[in-house]
Structures are given as structure tokens and as C-alpha cells.
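So the structure is just underneath, and the comments pick up after that.
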Amino acid sequence: MKRLLALTATAFILLPLSPALAHDGTPGAPGAGDPYFPGQGNGGYDAGHYDLSLDYDPSSGRLTGVTKITARATQALSRFNLDLVSTLSVRSVTVDGRPAVFAQSGNELVVTPARSLGSGRDFSVVVRYDGRPVHVVDPDGSLDGWIKTSDGVYNVNEPQGAMTWYPGNHHMTDKATHRFTVTVPSSRVAVANGDLVAKWSKGGHTTSVWDSREPMASYLATVTIGKFEFADARIGGYRVTTAVDPKLAGDAKGFPERHPPVLDYFSSIFGPYPFSSTGGIIDHAPEVGYALETQTRPVYPRVPSESLLAHELAHQWFGDSVTPTLWRDIWLNEGFATYSEWLWLDKLGTRTVQVAFDAAYATPAEDEFWQSPPADPGGPENLFHDPVYDRGAMTLHVLRLEVGDPAFFAILRAWASDYKYGNADTAAFVALSERVSGKQLDALFEAWLFKPGKPTV
């Protein structure tokens, strides 16, 4: 969820390319081709794994990082790009252990290896860098990336914040496994995605190692740092890892135990929980104003309500495991998670799904709500507006009424299993819905996803 909750100097390094460094390949594209964020991601290679070593001092705000990327060339590469803000200074880059020529400009780190990389070849990149990370401001005005707090960092990266703290191929279509080795003063706790696999203290600093073994889009990565009450235990068959800001601990009692009932219910209708651990981070960050479904461990700026907890946990299936191919398909995340909220509140007996649908449908036809189709919000500034969430959820409910419960829940289970750990778009969901239900659904999806105006029911 990115929807708001109710509540520089430029470094530029150019090293001349010697004529002796002739390359047979061609440069990888400087972007992945997403129309909403054209410079995001890169072409010419597929990242497989990130190994990040980070040392952060909250008092100075200084980050020292070493990122090792293992990747495979998808074309003959003479050079390639990594996404990284130029407010972080790159000190060295190696490719397969050999020094590489590199240049920083804007949000691009351009790397020219000593030798070209043949198509299909596996290679490794090591980037050493440091500086004081700063967040970015998204087109909708929200903060994104490495966001400083009074005691650490609230780290949420949708849609473009990952480039503020580590180099990579930061478009959602290039998922990779991650390992985080994070060193902070021992008065702080560093929490990341996946499983805590090691921890030690020395000289007033504590290092934590987090292993995220399932593929992850980098906008779902987090390293959140602060003074936390930390818990890591098996509860109801799940490894539940939580961190709660002491300012909010009184209202957050029982937070770990709240997860298994929601996950059990969603597992019964969507299929097995797709990750090795679960949990969440509650950090006091009123200036941020939104929660995010960071993979395995959502980050909240306040103690979540029952509906918000359900929303972020549903995202573990819809958005995290199955991720869109383009940002305009974000309704596949937010519409599904919003409908999951409705399902959970119905399960609790708080409010039926039909009542939730009717409340949204009561919005007057002339309201702006009906002018932004969920399947293409119109631009990056509209990604997290109400129609994406609520009209997206309404589309699912209309689909459910049209095909019936057995087919509808079979569609959701097939979506979660067929595209597990991968990417898919709206056209794929429409095709799957028609295949599973045996019905022609063009008119339904056209009216509810693609056309402006209030559909009839």
C-alpha cells in the first residue's frame, strides 16, 4: 500500500576509455522501457542475486556500502547501467574481479568492463560506495527511499527509492534474491527482508545478516533501522519477525500473534503463503504517512488496523510473489489487496464484501473517482489514488458475481500459483479469468478496468 493513511550536490566521474579497450558488444539500454518511469531499470542483463554489506551511522547519516551483484548477460554487452543516485559516491567498480571504467550521472552508474560480456555469460559486479543517502519525492508528492527518522531510517522504496541506497537493476521485472549484512550502533536494530540468519556484536556495533531466498523486486526491499523492541519466534506454523518502536509498543501488544490468523485465512483461499517468514515493522514516522508491503515484512508508520494488516499481508501473494510487469498495472497489487481487506473484514463479521462494494459504488457518477480507469491510471502521479484501490477491488467483486465463487477463487489461486515469484500483466489476468471460468469477459473488464465513467451493475 502506498495510498496515504489518514492520520544536492551531483557527483560525476568520467574516466576515459582507452582505445585498447575495444568492445565487440553493444551498450545495454539505460532503462527497462516502463512508460511511467522511463529511466528505471536497465537492459542487457538479468540480475540474479544481490549481496549487500552496509554500515550505517544514524547520528551522521553516513552509509558505507559494498554491493555484489551476480547477473547474466542477455546480449553481447560492451557496457551496462546500474540505477544509483549520484549523491552517493562510487569509489570503485569491478566486473569479474577486474577494475572497470565507470561514470556517474544523474541516477545512472555506467559501467564499462575491461572486456565485453558475451550473451548468456554469467558475471559479477562489485560496487563500493559511500555518502549520506537522501530520499526522493515521488510524482504524487510522497517520500520514497532512504527516509531518515529521529533514531534511524524508515526504508520504503515504491516506486523508485531503491536507487537511493544500493546500485542495481531497479525495475520490478528483474527480480533477484537478496542477502543483507547490516552494521549499526548496538543501540539500534536493523531489520531487513527474509530470515535473520546471523547476528553478532563487537566494539559497540551490531551486525545482522538477513537472507531473502525468494526472488524480490527491489522496490520491495527494506533495511529499516531504529530503536526497536524486536521479536523473532515461530507462532502458529510461521516464523514471525517483528520490530516495534518503543513509542508505539503500548498500542502494539500482541502484534506478532495477529499475523497467523490472517495468513491462515488467506492461505485457505489464495494458496500457501509464498515466503519463509512473515512479520512487520512498526516505526514512528508520521512524516511518511503510508505503509508498504516490503517483502515478508511490511513497514507501518503506526500500529496497523485490522484492515491495513490484512491489506499488507495479502500483498505478499499479490504484488510481492506475483508482481506486475509495468507500473500502470498496479491495480493488480492494490485492487487485489483492497479486496482482500474486504474479505477479511467479512470473515470477522465486521462488514460484508457487498456492503463495502455498495459504499464505493455510491460515489456519484460525476465524481473524479470514475474518470480514472484502474488499468491505466494516466501517469505516475496517479499510481496510488483511490480508483486504483477501490475500483480495482470493485472489478474483482463484479468478476466474482459474474463467474460465481468456485470459479472466482479458482482464478485467484491459479493467479498466485501460475505466476509465483514472477511477473504478469492485466492481459494475463483477463486471459486466465476467461480460461478458468469458461466465459467471455471482455465487456466486463472493458467497463470496469479500461473505460472512464461509472459502469452499470
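Residue numbers (this note's numbering): -6 to 450. Idealized CB from N, CA, C, for every residue including glycine.
Mapping DSSP to helix, strand and coil, what is S53?
coil
What three-state label does DSSP hand R84 in the structure shown?
strand
Tell me, please, whether the region 298 to 313 touches the region 359 to 371 by the rule of three or more beta-carbon pairs shorter than 8 angstroms.
no
Three-state secondary structure assigned by DSSP to K141
strand
Between the region 197 to 207 and the region 26 to 36, can you find at least three pairs of beta-carbon atoms closer than 8 angstroms?
no
Member of R181, D188, G187 whose CA lies at the smallest distance from the CA of S194
R181
Where D167 and R65 are concerned, what is the direct C-alpha to C-alpha distance, given to the nearest angstrom?
11 angstroms
With a threshold of 7 angstroms on Cβ separation, who are the neighbours of T331 within its own chain once the five nearest residues in sequence on each side are excluded?
H304, Y382, D383, G385, A386
Residues bridged to S46 [DSSP beta-bridge criterion]
V59, T174
Can you tell me whether D115 is buried or exposed? The criterion is at least 16 other CB atoms within 10 Å of its CB, across all chains shown.
exposed
Roughly how many angstroms separate the alpha carbons of A40 and V233, rounded to a whole number?
28 angstroms
What separation, rounded to the nearest whole angstrom, lies between the Cα atoms of G446 and L437?
13 angstroms
Do H128 and G111 come within 8 angstroms of each other at the CB atom, strictly closer than that value?
no
Is it true that the region 94 to 104 meets the region 133 to 148, where meeting means three or more beta-carbon pairs spaced less than 8 angstroms apart?
no
If you draw a straight line from the alpha carbon of A226 to that of S269, how long is it in whole angstroms?
13 angstroms
Helix, strand or coil for R232, going by three-state DSSP, please let me know.
strand
Could you tell me whether the region 268 to 284 touches the region 185 to 193, using the rule of 3 or more Cβ pairs below 8 angstroms?
yes
Would you mind working out which of D322, V296, Q288 sits nearest A307, comparing C-alpha positions?
Q288
Quick one: what's A92 bridged to in DSSP?
It is Pro, not Ala, that sits at residue 92 in the sequence shown. For P92, which the question treats as bridged, DSSP gives the partners T87.
Buried or exposed: where does P92 fall if 16 or more other Cβ atoms within 10 Å of its Cβ makes it buried?
exposed
In chain order, what are the residue ranges of uninterrupted beta strand (DSSP E) at least 3 long that sit wholly in the region 193 to 272?
198 to 209, 216 to 219, 222 to 228, 231 to 237
As a quick exercise: from A284, F311, D351, W320, pick the residue whose alpha carbon is nearest that of S333.
F311
Residue burial classification, T345 (beta-carbon count within 10 angstroms, cutoff 16):
exposed
Excluding the 5 residues preceding and the 5 following T343 in the sequence, name in chain order all residues of the same chain whose CB lies nearer than 8 angstroms to its CB.
E299
Local Cβ density within 10 Å of E280, reported as buried at 16 or more and exposed below that
exposed
Among the candidates N35, G124, D133, T80, whose CA atom is the shortest distance from the CA of N375?
D133
Could you check whether T60 and V149 sit closer than 8 angstroms to each other, using their CB atoms as the reference points?
no
Should D276 and T419 be called a contact, given that it needs their Cβ atoms to be closer than 8 angstroms?
no
Assigned secondary structure, A436 (DSSP; H/G/I helix, E/B strand, else coil)
helix
If we ignore side chains and look at the alpha-carbon of each, how far apart do E151 and G219 end up?
20 angstroms
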